[in-house]
Amino acid sequence: MELRFDRVAKTFGSLEVIKQFDNTIHSGEIVALVGPSGCGKSTLLHMVAGLQTPTSGSLSADAATIESPSPQRTLVFQEHALYPWLTLVDNVALALEFQNRPRAVAKSEARQWLSRVQLDGFEGYYPHQVSGGMRQRAALARAFIARPQVLLLDEPFGALDALTRMTLQSVLKELISEECPTVLLVTHDVDEALYLADRVLVFSQRPASVLKEVQLGHIPKTHDLSDFAAERREVLELLGIDAGSKAKNTNVEGVNL
Amino acid sequence: MSAQASGVRSKSAYLVAIVIILFFWQVAAWFLPDFLMPNVPAAFVRLWQELNSSEFYEGLANSMSRLGIGYGLALLFGIVLGLLGGTLNAVRSPLKAAIIILQSIPSIAWVPLFLILMGFGNLPIIVVVAIGAFFPTALSVMNATESVEKVHISAARVMGASRSQLLRRVYFPAVTPELITGAQLAFGNAWRALISAEMIVGFSAGLGRSLAYSGEIADMTGVMTNILVIAVLAAVIDQVILESIKHRLLRYQYL
Numbered sequence: 605m606e607l608r609f610d611r612v613a614k615t616f617g618s619l620e621v622i623k624q625f626d627n628t629i630h631s632g633e634i635v636a637l638v639g640p641s642g643c644g645k646s647t648l649l650h651m652v653a654g655l656q657t658p659t660s661g662s663l664s665a666d667a668a669t670i671e672s673p674s675p676q677r678t679l680v681f682q683e684h685a686l687y688p689w690l691t692l693v694d695n696v697a698l699a700l701e702f703q704n705r706p707r708a709v710a711k712s713e714a715r716q717w718l719s720r721v722q723l724d725g726f727e728g729y730y731p732h733q734v735s736g737g738m739r740q741r742a743a744l745a746r747a748f749i750a751r752p753q754v755l756l757l758d759e760p761f762g763a764l765d766a767l768t769r770m771t772l773q774s775v776l777k778e779l780i781s782e783e784c785p786t787v788l789l790v791t792h793d794v795d796e797a798l799y800l801a802d803r804v805l806v807f808s809q810r811p812a813s814v815l816k817e818v819q820l821g822h823i824p825k826t827h828d829l830s831d832f833a834a835e836r837r838e839v840l841e842l843l844g845i846d847a848g849s850k851a852k853n854t855n856v857e858g859v860n861l
Numbered sequence: 480m481s482a483q484a485s486g487v488r489s490k491s492a493y494l495v496a497i498v499i500i501l502f503f504w505q506v507a508a509w510f511l512p513d514f515l516m517p518n519v520p521a522a523f524v525r526l527w528q529e530l531n532s533s534e535f536y537e538g539l540a541n542s543m544s545r546l547g548i549g550y551g552l553a554l555l556f557g558i559v560l561g562l563l564g565g566t567l568n569a570v571r572s573p574l575k576a577a578i579i580i581l582q583s584i585p586s587i588a589w590v591p592l593f594l595i596l597m598g599f600g601n602l603p604i605i606v607v608v609a610i611g612a613f614f615p616t617a618l619s620v621m622n623a624t625e626s627v628e629k630v631h632i633s634a635a636r637v638m639g640a641s642r643s644q645l646l647r648r649v650y651f652p653a654v655t656p657e658l659i660t661g662a663q664l665a666f667g668n669a670w671r672a673l674i675s676a677e678m679i680v681g682f683s684a685g686l687g688r689s690l691a692y693s694g695e696i697a698d699m700t701g702v703m704t705n706i707l708v709i710a711v712l713a714a715v716i717d718q719v720i721l722e723s724i725k726h727r728l729l730r731y732q733y734l
């Protein structure tokens, strides 16, 4: 599903959040949005999800204007989006039950999806009984079970520790390569953007505008991002972090964060 | 483990409280003549006799069915209006203001009105019970609905939930903890309204009617026995029945 942003702007009252955003996200492309906190990246995501509407400009999915939420465009939240009163399997099954699929079918598919995110044996647990990483695995299963054509991720792993985050990034990458949705990822983690995305959009302070597009290409990547040291430095510099690009021959080990 | 320990502690607290209350009653009985304040054992003997008479069960059945219908209606309307009020901005503020004004009126103040409006019978008692229980239920559901986590609503919307699915599958379970607290509060109101309305209306047998009658014939053993029954029943319904429903509905919180 192709997403087209045409002069999209958003203001809340007198607060200008997004100045003017033009872009086309191609079908199956994975695009990361990075930028300072509160710069309006999440607002963009919520507009694609249909939870908010642009103040001006137009936003379309496969040439159809986005007006309301649709299971074709699903959103994964940072945390606490699982329902505490439902077990993991019921949480995941709910995505299908909302589409009026029979409960038994929804539940058996939910079991399969929990198994795909390595949560076998935890189907009957409630969210508060499992770790944050396991909750986000279940959240991913709940997002993918509806076979969305657009996957929106709003800092999905922001609340996790570094190691769990990397594991979850690998799980997500695998699911994306198998299911091939168009992906928009909002993240604070530059390495996460470089690891997962084909293209990174670096945003300015609010009102948000794109400072730079970094093309990474749809190529296999590992967590060892040393081949992308130049891109990493560039993104960090744009975000105002000293990455030592002025010093010659600085390798990735020299990056100070 | 800790839930069990606190359960044991609350049970022993109840036992201590009962002993203290009965002690003060007995002390009063020692100082006052029997026709003013009966002994505790005398009341228990009368209670045993009552438990073996069919009239007691007739009154009990009448009271319980009035309570069941009135309280049930209050829960139904309270939940529906509370959810509507919590989700529809246009309804919320006026409904809340109306509840705050109306709930300050004691339930039995409605008795004369409904007695004349609906005639001598079960109906005015049931309506008064329902009014007493409705307000805390509706208020708790409405307040809880307003504070349902936004992310829970957004998540359901992006999963394609319809309006009725959103109400049934997200709002309703999300407000259940507060609803149960409100329902327990509502039960106290309903119980007080039931006994007082029965005392005033005096239509057919009932716990309140039986208490009022004992008073009218100056049968103090009967008065104390009826009060005993009213207190024990309320405690059993609240602490045993409502608490077990609470634990079942909120099972996920106790794991």
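Those protein sequence lines, which keep their order, are chains E and Y.
By my numbering, the letter at position 149 of the first sequence is numbered 753, and the numbering carries on one by one without gaps.
By my numbering, the letter at position 15 of the second sequence is numbered 494, and the numbering carries on one by one without gaps.
Where a beta carbon is used, it is the ideal one built from N, C-alpha and C, also for glycine.
These figures come from a predicted structure and were not determined experimentally.
Here's the rule: buried if 16 or more other CB atoms are within 10 angstroms of the residue's CB, otherwise exposed. What is residue i?
i              : result
residue 631(Y) : buried
residue 622(E) : buried
residue 480(Y) : Low local confidence applies: a pLDDT of 43 at residue 480(Y) is under 50, so the model's placement there is unreliable, with the coordinate-based value given in what follows. Exposed, by the Cβ-count rule.
residue 614(E) : buried
residue 616(E) : exposed
residue 857(E) : Residue placement at residue 857(E) is poorly supported in this model, since its pLDDT is 44, which falls under 50; the coordinates still yield a value, given next. Answer is exposed; the Cβ neighbour count stays below 16.
residue 550(Y) : buried
residue 675(Y) : buried
residue 643(E) : buried
residue 626(E) : exposed
residue 821(E) : exposed
residue 592(Y) : exposed
residue 638(E) : buried
residue 595(Y) : exposed
residue 691(E) : buried
residue 796(E) : buried
residue 725(Y) : buried
residue 649(E) : buried
residue 494(Y) : exposed
residue 861(E) : The pLDDT assigned to residue 861(E) is 43, lower than 50, so where the model puts this residue is not dependable; a value taken from the coordinates is nonetheless given after this. The residue is exposed, with fewer than 16 neighbouring Cβ atoms inside 10 Å.
residue 536(Y) : exposed
residue 819(E) : exposed
How close, in whole Å, do the beta carbons of residue i and residue j come, if the pair is a contact with beta carbons under 8 angstroms?
i              : j              : result
residue 729(Y) : residue 659(Y) : 7 angstroms
residue 803(E) : residue 635(E) : 5 angstroms
residue 798(E) : residue 836(E) : 6 angstroms
residue 814(E) : residue 805(E) : 5 angstroms
residue 685(Y) : residue 531(Y) : 19 angstroms between Cβ atoms; not a contact.
Would you say residue i reaches chain B, if we count a Cβ-Cβ gap shorter than 8 angstroms as a contact?
i              : result
residue 488(Y) : In the structure shown, chain B cannot be found, because the protein chains are E and Y.
Stretch-stretch touch, CB-based, cutoff 8 angstroms, three pairs: the region 554-561 of chain Y with the region 612-631 of chain Y: With a cut-off of 8 angstroms on Cβ pairs, the region 554-561 of chain Y is in contact with the region 612-631 of chain Y, counting three or more such pairs.
Those runs of the alpha helix (DSSP H) which lie wholly inside the region 645-704 of chain E and span at least 4 residues: The region 645-704 of chain E contains these whole alpha helix (DSSP H) runs: 645-653 and 692-701.
At least 3 beta-carbon pairs within less than 8 angstroms: the region 753-767 of chain E vs the region 788-801 of chain E: Per the Cβ contact rule, the region 753-767 of chain E is in contact with the region 788-801 of chain E (3 or more Cβ pairs under 8 angstroms).
Given 8 angstroms, three or more beta-carbon pairs between the region 669-685 of chain E and the region 648-656 of chain E: A contact exists between the region 669-685 of chain E and the region 648-656 of chain E.
contact_flag[the region 736-755 of chain E, the region 769-785 of chain E] where n(CB pairs < 8 angstroms) is 3 or more: The region 736-755 of chain E makes contact with the region 769-785 of chain E, as at least three CB pairs between them are under 8 angstroms.
Proximal residues, the region 678-695 of chain E versus chain Y, C-beta separation under 7 angstroms: Per Cβ criterion, the list reads 678, 679, 681, 684, 685, 687, 688 and 689.
At least 3 beta-carbon pairs within less than 8 angstroms: the region 695-706 of chain E vs the region 633-653 of chain Y: Judged by pairs of C-beta atoms under 8 angstroms, the region 695-706 of chain E touches the region 633-653 of chain Y, as three or more such pairs exist.
Contact residues within the region 647-674 of chain E, judged by C-beta distance below 7 angstroms to chain Y: If the cut-off is 7 angstroms between Cβ atoms, the region 647-674 of chain E has 653, 655, 673 and 674 near chain Y.
Residues in the region 699-716 of chain E having any Cβ partner in chain Y nearer than 7 angstroms: For the region 699-716 of chain E, the beta-carbon criterion of a distance under 7 angstroms to any beta-carbon of chain Y is satisfied by 699, 702 and 703.
Cβ pair count under 8 angstroms reaching 3, the region 660-670 of chain E against the region 707-725 of chain E: The answer is no - the region 707-725 of chain E does not touch the region 660-670 of chain E, with fewer than three Cβ pairs under 8 angstroms.
At least 3 beta-carbon pairs within less than 8 angstroms: the region 507-522 of chain Y vs the region 682-689 of chain Y: Contact annotation: the region 507-522 of chain Y does not touch the region 682-689 of chain Y, with fewer than three C-beta pairs closer than 8 angstroms.
Segment contact flag, the region 717-732 of chain E with the region 681-697 of chain E, C-beta cutoff 8 angstroms, min 3 pairs: Yes, the region 717-732 of chain E touches the region 681-697 of chain E.
Runs of alpha helix (DSSP H) wholly within the region 714-785 of chain E (minimum 4 residues, chain order): The qualifying runs are 736-748 and 766-783.
Inter-stretch contact (C-beta, 8 angstroms, three-pair minimum) for the region 699-710 of chain Y and the region 653-668 of chain Y: With the rule of 3 Cβ pairs closer than 8 angstroms, the region 699-710 of chain Y does not count as touching the region 653-668 of chain Y.
At least three beta-carbon pairs within less than 8 angstroms, the region 599-610 of chain Y to the region 564-572 of chain Y: Fewer than three beta-carbon pairs drawn from the region 599-610 of chain Y and the region 564-572 of chain Y are found closer than 8 angstroms, and the two stretches are therefore not classed as touching.
Segment contact, 8 angstroms Cβ cut-off, at least three pairs: the region 825-838 of chain E with the region 624-641 of chain E: Short answer: they don't touch.
Three or more C-beta pairs below 8 angstroms linking the region 691-705 of chain Y and the region 580-592 of chain Y: No: the two stretches stay apart, fewer than three of their Cβ pairs being nearer than 8 angstroms.
Members of the region 723-749 of chain E that neighbour chain Y once the beta carbon cut-off is set at 7 angstroms: Within the region 723-749 of chain E, the residues whose Cβ lies closer than 7 angstroms to some Cβ of chain Y are 730 and 733, listed in chain order.
Interface positions of the region 618-646 of chain Y facing chain E (Cβ-Cβ less than 8 angstroms), listed along the chain: Within the region 618-646 of chain Y, those residues whose Cβ lies closer than 8 angstroms to any Cβ of chain E are, in chain order, 628, 630, 631, 633, 634, 635, 636, 637, 638, 639, 640, 641 and 644.
Near-chain E residues of the region 721-734 of chain Y (beta-carbon distance less than 7 angstroms), N- to C-terminal order: Those residues of the region 721-734 of chain Y that come within reach of chain E (Cβ to Cβ, closer than 7 angstroms) are 731 and 734.
Residues, ordered as in the chain, of the region 518-535 of chain Y that lie near chain E by beta-carbon distance below 9 angstroms: Cβ proximity to chain E below 9 angstroms picks out nothing from the region 518-535 of chain Y.
Secondary structure, alpha helix (DSSP H): runs of 4+ residues fully inside the region 662-723 of chain Y: For the region 662-723 of chain Y, whole alpha helix (DSSP H) runs of length 4 or above, ordered along the chain, are 686-695 and 699-715.
Complete runs of the alpha helix (DSSP H) confined to the region 488-544 of chain Y [at least 4 residues]: Taken in chain order, the complete alpha helix (DSSP H) segments of 4 or more residues contained in the region 488-544 of chain Y are 519-530.
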